[in-house]
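Chemist: First, the structure itself, so that you have it in front of you.
Protein chains: 2
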Amino acid sequence: MRISELSSRSGVSVTTIKYYLREGLLPPGRQTAATQAEYDDQHLRRLRLIRALTGVRGLSVSTTREVLDALAEYTGDTHRLLGLALGSIRVGEVPSGDASQAAEVQALVEELHWDVHASAPARTTLAETLASLRALGVPLDWRTLLPYARLAERTAALDLDQLEGLDDPLEAAERALLLTVLLEPALMALRRMAQENESARRHTS
Amino acid sequence: MRISELSSRSGVSVTTIKYYLREGLLPPGRQTAATQAEYDDQHLRRLRLIRALTGVRGLSVSTTREVLDALAEYTGDTHRLLGLALGSIRVGEVPSGDASQAAEVQALVEELHWDVHASAPARTTLAETLASLRALGVPLDWRTLLPYARLAERTAALDLDQLEGLDDPLEAAERALLLTVLLEPALMALRRMAQENESARRHTS
DNA sequence: AATATTGGATACCTCTACTATCTATGTTAG
DNA sequence: CTAACATAGATAGTAGAGGTATCCAATATT
Numbered sequence: 058m059r060i061s062e063l064s065s066r067s068g069v070s071v072t073t074i075k076y077y078l079r080e081g082l083l084p085p086g087r088q089t090a091a092t093q094a095e096y097d098d099q100h101l102r103r104l105r106l107i108r109a110l111t112g113v114r115g116l117s118v119s120t121t122r123e124v125l126d127a128l129a130e131y132t133g134d135t136h137r138l139l140g141l142a143l144g145s146i147r148v149g150e151v152p153s154g155d156a157s158q159a160a161e162v163q164a165l166v167e168e169l170h171w172d173v174h175a176s177a178p179a180r181t182t183l184a185e186t187l188a189s190l191r192a193l194g195v196p197l198d199w200r201t202l203l204p205y206a207r208l209a210e211r212t213a214a215l216d217l218d219q220l221e222g223l224d225d226p227l228e229a230a231e232r233a234l235l236l237t238v239l240l241e242p243a244l245m246a247l248r249r250m251a252q253e254n255e256s257a258r259r260h261t262s
Numbered sequence: 058m059r060i061s062e063l064s065s066r067s068g069v070s071v072t073t074i075k076y077y078l079r080e081g082l083l084p085p086g087r088q089t090a091a092t093q094a095e096y097d098d099q100h101l102r103r104l105r106l107i108r109a110l111t112g113v114r115g116l117s118v119s120t121t122r123e124v125l126d127a128l129a130e131y132t133g134d135t136h137r138l139l140g141l142a143l144g145s146i147r148v149g150e151v152p153s154g155d156a157s158q159a160a161e162v163q164a165l166v167e168e169l170h171w172d173v174h175a176s177a178p179a180r181t182t183l184a185e186t187l188a189s190l191r192a193l194g195v196p197l198d199w200r201t202l203l204p205y206a207r208l209a210e211r212t213a214a215l216d217l218d219q220l221e222g223l224d225d226p227l228e229a230a231e232r233a234l235l236l237t238v239l240l241e242p243a244l245m246a247l248r249r250m251a252q253e254n255e256s257a258r259r260h261t262s
């Protein structure tokens with residue numbers, strides 16, 4: 058298919074597709090002539106993935122490129138993909154110097170006997186959030202976080218269950234990406250609804 | 058205190074503070090003369106809150122204003138604050154027309170007997186995420202989401218526990234805000250770490 | 001009195017994510 | 001076979017977000 062068909066089938070304008078090609082989010086099509094290239098279903102799929110990551114999850118174009126690069130690099134090694142590629146996504150702010158709460162995070166990880174890389178970006182995100190909360194007068198220690206971490210453990214188990222039985226490594230890697238990244242807004246939405254429900258329950262009993 | 062002290066104590070530049078004043082994120086100080094105003098600890102606290110919401114959580118300035126307005130409006134009514142004010146935060150994308158997965162969400166809510174307002178934005182977020190996943194070949198039905206929702210229920214119970222025993226309504230409202238919004242990156246970070254751990258466990262056993 | 005600071009207003013800046021235009025080439029309908 | 005239209009690639013332009021810089025008149029400090 059040519060670019061205009063790719064555009065109409067994906068709902069993304071031709072100029073935007075060209076922009077993604079320039080930015081390296083989308084691999085170039087197969088050149089058939091000097092001013093002609095051919096695209097296939099892989100491109101369409103990739104394009105939809107890009108729109109999901111930027112639109113639903115709100116990732117920036119450069120972060121999306123990093124994620125997609127990682128996807129290509131670690132396809133077939135879901136463990137590395139989960140540990141490294143997806144870790145490259147900044148959940149919160151840019152990693153600044155202060156890791157004043159790193160000790161709390163370490164205590165939590167040790168208590169749970171978690172096997173988590175020492176340089177995992179999620180550690181930094183967690184430490185920074187704790188530091189912010191502390192500065193605002195809500196000091197959470199690792200003991201308070203423990204029950205949350207236990208629930209995260211069970212959530213992660215559900216996530217990994219979803220990846221069982223997928224033999225095609227590319228498919229498995231892509232699904233890992235989708236479930237980890239795209240499911241985040243869904244899980245937060247579930248939490249919001251559950252909070253509303255729980256609050257109603259406690260206030261009307 | 059005057060604006061320069063507010064600036065040095067918060068680490069936010071004077072010009073940025075003026076910008077926040079213009080944008081209505083920060084209430085104006087008490088005017089003592091035509092070119093002089095006095096700020097207090099409330100302003101300092103508010104400023105730190107703004108930086109936490111925009112920096113750690115990545116909220117836009119306009120969303121932050123909405124959240125802070127809601128905080129002022131519903132102080133003393135934590136239930137409404139949780140249900141409405143915090144619901145105003147867009148977790149994902151701008152609410153577009155397609156709510157093709159709204160039926161799945163409704164089925165889930167009914168199964169759980171959740172008391173969630175029909176117009177809760179979290180419903181839309183969830184429906185949209187499901188629609189995106191479906192378009193990408195990962196159709197999740199409400200049955201798959203059910204165990205996730207059960208865990209969300211327990212997370213919400215922990216959240217509400219944290220609000221117990223706070224008598225000052227302003228403090229309770231602010232803590233509700235902090236725990237719901239600022240804890241999100243922390244919970245996602247915990248999930249990432251738990252995924253890495255679980256993946257390592259399954260691959261090395 | 002001299003110097004610095006402040007509030008308020010306005011203009012400007014940088015970055016991101018596109019969007020528009022241009023040109024040289026290809027394709028296709030009549 | 002030619003006129004109308006599509007295409008790749010390059011370059012320039014745009015709108016919005018989130019500040020930043022400058023100016024001014026009034027006020028505070030020394």
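Protein sequences appear in the order of chains X and U.
Residues 58 to 262 (the numbering used here) are what the first sequence spells out, left to right.
Residues 58 to 262 (the numbering used here) are what the second sequence spells out, left to right.
The C-beta atom is built at its ideal place from N, Cα and C for all residues, glycine as well.
All of these numbers come straight from a predicted model, not from anything done at the bench.
Which one or two residues does DSSP pair with residue 88 of chain U in a beta bridge?
Modeler: In the second sequence, the residue the question calls residue 88 of chain U occupies position 31. Looking at the DSSP assignment, residue 88 of chain U forms a beta bridge with U/94.
Chemist: Provide the residue span of the alpha helix (DSSP H) that contains residue 192 of chain U, from first to last.
Modeler: By one-based count along the second sequence, residue 192 of chain U stands at place 135. It spans 178-192 - the alpha helix (DSSP H) in which residue 192 of chain U sits, taken as one unbroken run.
Chemist: Kindly indicate which three-state DSSP category residue 64 of chain X falls into: helix, strand or coil?
Modeler: Taking the first residue of the first sequence as 1, we reach residue 64 of chain X at position 7. Correct three-state label for residue 64 of chain X: helix.
Chemist: I'd like the list of long-range same chain contacts for residue 162 of chain U, defined as Cβ closer than 8 Å, with 5 residues on each side in sequence excluded.
Modeler: Walking along the second sequence from the start, residue 162 of chain U turns up at place 105. If we look at residue 162 of chain U and ignore the five residues flanking it on each side, its Cβ neighbours are 180, 183, 184, 187 and 199.
Chemist: Near residue 233 of chain U, which residues of its chain fall below 7 Å by C-beta distance, leaving aside the five closest residues on each side in sequence?
Modeler: Mapped onto the second sequence, residue 233 of chain U falls at position 176. Within the same chain, residue 233 of chain U has close Cβ partners 135, 138, 139 and 220.
Chemist: In whole angstroms, what separates the C-alpha of residue 68 of chain X from that of residue 159 of chain U?
Modeler: By 1-based counting over the first sequence, the position of residue 68 of chain X is 11. By 1-based counting over the second sequence, the position of residue 159 of chain U is 102. Distance between the alpha carbons of residue 68 of chain X and residue 159 of chain U is about 22 Å.
Chemist: Can you name, in chain order, every residue of its own chain whose Cβ lies under 7 Å from the Cβ of residue 105 of chain X, other than the five neighbours on each side?
Modeler: Within the first sequence, residue 105 of chain X is the residue found at index 48, counting from 1. Contacts found: 67.
Chemist: Classify residue 70 of chain X as helix, strand or coil using the three-state DSSP reduction.
Modeler: Position 13 of the first sequence, counting from 1, holds the residue named residue 70 of chain X. In the structure shown, residue 70 of chain X sits in coil (DSSP, three-state: anything other than H, G, I, E or B).
Chemist: Using the C-alpha atoms, what's the distance from residue 195 of chain X back to residue 150 of chain U?
Modeler: For the purposes of this step, residue 150 of chain U is identified with residue 93 of the second sequence, where counting begins at 1. For the purposes of this step, residue 195 of chain X is identified with residue 138 of the first sequence, where counting begins at 1. Residue placement at residue 150 of chain U is poorly supported in this model, since its pLDDT is 46, which falls under 50; the coordinates still yield a value, given next. Spanning the two alpha carbons is a distance of roughly 30 Å.
Chemist: What's the call for residue 252 of chain U, buried or exposed, on a 16-neighbour Cβ count within 10 Å?
Modeler: Numbered from its first residue, the second sequence carries residue 252 of chain U at position 195. Its Cβ being crowded by 16 or more others within 10 Å, residue 252 of chain U is buried.
Chemist: Check whether the Cβ of residue 161 of chain U lies closer than 7 Å to any heavy atom of the ligand GTP, and answer yes or no.
Modeler: The model on display carries no ligand, and the ligand GTP is accordingly not part of it.
Chemist: Checking contacts by CB at 8 Å: is residue 189 of chain U closer than that to chain X?
Modeler: Residue mapping note: residue 189 of chain U aligns to position 132 of the second sequence, counting from 1. So yes, residue 189 of chain U belongs to the interface.
Chemist: If we count the other Cβ atoms within 10 Å of its Cβ and call it buried at 16 or more, is residue 249 of chain U buried or exposed?
Modeler: As a working note, residue 249 of chain U is residue 192 in the second sequence. Burial call: buried.
Chemist: For residue 257 of chain U, would you say it is in contact with chain X, using Cβ-to-Cβ distances shorter than 8 Å as the test?
Modeler: Counting from one through the second sequence, the residue named residue 257 of chain U turns up at place 200. It does: the Cβ of residue 257 of chain U has a partner Cβ on chain X nearer than 8 Å.
Chemist: My output table needs one value for residue 250 of chain X: the three-state DSSP class, helix, strand or coil.
Modeler: One-based indexing of the first sequence puts residue 250 of chain X at position 193. It is helical.
Chemist: Please report how far the alpha carbon of residue 117 of chain U lies from the alpha carbon of residue 111 of chain U, in whole angstroms.
Modeler: Numbered from 1 along the second sequence, position 60 holds the residue referred to as residue 117 of chain U. Numbered from 1 along the second sequence, position 54 holds the residue referred to as residue 111 of chain U. Looking at the two C-alpha atoms, the distance is approximately 6 Å.
Chemist: Who are the neighbours of residue 10 of chain X on chain U, taking C-beta pairs under 7 Å?
Modeler: The structure shown does not extend to residue 10 of chain X, since chain X spans only 58 to 262, so no value can be given for it.
Chemist: Out of curiosity, what's the CA-to-CA distance linking residue 168 of chain X and residue 261 of chain U?
Modeler: Here residue 168 of chain X is taken as the residue at index 111 of the first sequence, counted from 1. Here residue 261 of chain U is taken as the residue at index 204 of the second sequence, counted from 1. Spanning the two alpha carbons is a distance of roughly 21 Å.
Chemist: Using the Cα positions of residue 152 of chain U and residue 246 of chain X, report the straight-line distance between them to the nearest angstrom.
Modeler: Within the second sequence, numbered from 1, the residue matching residue 152 of chain U stands at position 95. Within the first sequence, numbered from 1, the residue matching residue 246 of chain X stands at position 189. Because residue 152 of chain U carries a pLDDT of 48, less than 50, the predicted location of this residue cannot be relied on, and no value is offered for it.
Chemist: Report the CB separation of residue 235 of chain X from residue 216 of chain X in whole angstroms; it is logged as a contact under 8 Å.
Modeler: Residue 235 of chain X sits at position 178 when you count from the first residue of the first sequence. Residue 216 of chain X sits at position 159 when you count from the first residue of the first sequence. Between residue 216 of chain X and residue 235 of chain X the Cβ distance is about 11 Å, and since that is not below 8 Å, they are no contact.
Chemist: Counting only C-beta atoms, is residue 174 of chain X closer than 8 Å to chain U at any point?
Modeler: Along the first sequence, one-based indexing puts residue 174 of chain X at 117. At least one chain U Cβ lies under 8 Å of residue 174 of chain X.
Chemist: Below 8 Å on the Cβ atoms is my guess for residue 230 of chain X versus residue 121 of chain X; work out the distance and round it to an integer in Å.
Modeler: For the purposes of this step, residue 230 of chain X is identified with residue 173 of the first sequence, where counting begins at 1. For the purposes of this step, residue 121 of chain X is identified with residue 64 of the first sequence, where counting begins at 1. Not really, about 16 Å apart at Cβ, beyond 8 Å.
Chemist: Could you name the residues of the same chain whose beta carbon sits closer than 7 Å to that of residue 239 of chain X, not counting the 5 residues immediately before and after it, in chain order?
Modeler: In the first sequence, the residue the question calls residue 239 of chain X occupies position 182. Taken in chain order, the residues that qualify are 109, 113 and 114.
Chemist: Name, going along the chain, the residues of the stretch 205-233 of chain U whose beta-carbon falls closer than 7 Å to a beta-carbon of chain X.
Modeler: Against chain X - using a Cβ distance shorter than 7 Å - the residues of the stretch 205-233 of chain U are 205, 206, 208, 209, 210, 211, 212, 213, 214, 215, 216, 217 and 232.
Chemist: List, in chain order, every chain U residue whose beta-carbon is nearer than 9 Å to that of residue 203 of chain X.
Modeler: Here residue 203 of chain X refers to the residue found at position 146 of the first sequence. Result: empty, since nearest Cβ-Cβ is about 10 Å, beyond 9 Å.
Chemist: Residues in the same chain with beta-carbon distance under 7 Å from residue 197 of chain X, minus the five sequence neighbours each way, listed in chain order, please.
Modeler: Position 140 of the first sequence, counted from the start, is the residue given in the question as residue 197 of chain X. Only 187 and 190 meet the Cβ criterion.
Chemist: If we define contact as Cβ-Cβ less than 8 Å, is residue 250 of chain U a contact residue for chain X?
Modeler: The count along the second sequence starts at 1 and reaches residue 250 of chain U at position 193. So, interface residue.
Chemist: Should residue 177 of chain U be flagged as near chain X, meaning a C-beta pair shorter than 8 Å?
Modeler: Numbered from 1 along the second sequence, position 120 holds the residue referred to as residue 177 of chain U. Residue 177 of chain U counts as touching chain X.
Chemist: Shorter than 8 Å from the beta carbon of residue 199 of chain X to some beta carbon of chain U?
Modeler: Looking up residue 199 of chain X in the first sequence gives position 142. No, its Cβ sits nowhere closer than 8 Å to a Cβ of chain U.
Chemist: Just the C-alpha distance for residue 130 of chain U and residue 97 of chain U, rounded to the nearest angstrom, thanks.
Modeler: Along the second sequence, one-based indexing puts residue 130 of chain U at 73. Along the second sequence, one-based indexing puts residue 97 of chain U at 40. Taking the straight line joining both Cα atoms gives about 21 Å.
Chemist: Ignore the nearest five residues each way along the sequence and tell me which others in residue 242 of chain X's own chain have a CB closer than 8 Å to its CB.
Modeler: Working through the first sequence from its first residue, we reach residue 242 of chain X at position 185. Excluding sequence neighbours, residue 242 of chain X sits near 113 and 114.
Chemist: Short check: CB of residue 61 of chain U to CB of residue 70 of chain U, under 8 Å?
Modeler: On the second sequence, residue 61 of chain U is found 4 positions in, with the first residue counted as 1. On the second sequence, residue 70 of chain U is found 13 positions in, with the first residue counted as 1. Going by C-beta atoms, residue 61 of chain U is not nearer than 8 Å to residue 70 of chain U.
Chemist: If we ignore side chains and look at the alpha-carbon of each, how far apart do residue 58 of chain X and residue 165 of chain U end up?
Modeler: Counting from 1 along the first sequence, the entry for residue 58 of chain X is found at position 1. Counting from 1 along the second sequence, the entry for residue 165 of chain U is found at position 108. For residue 58 of chain X and residue 165 of chain U, the distance between alpha carbons rounds to 40 Å.
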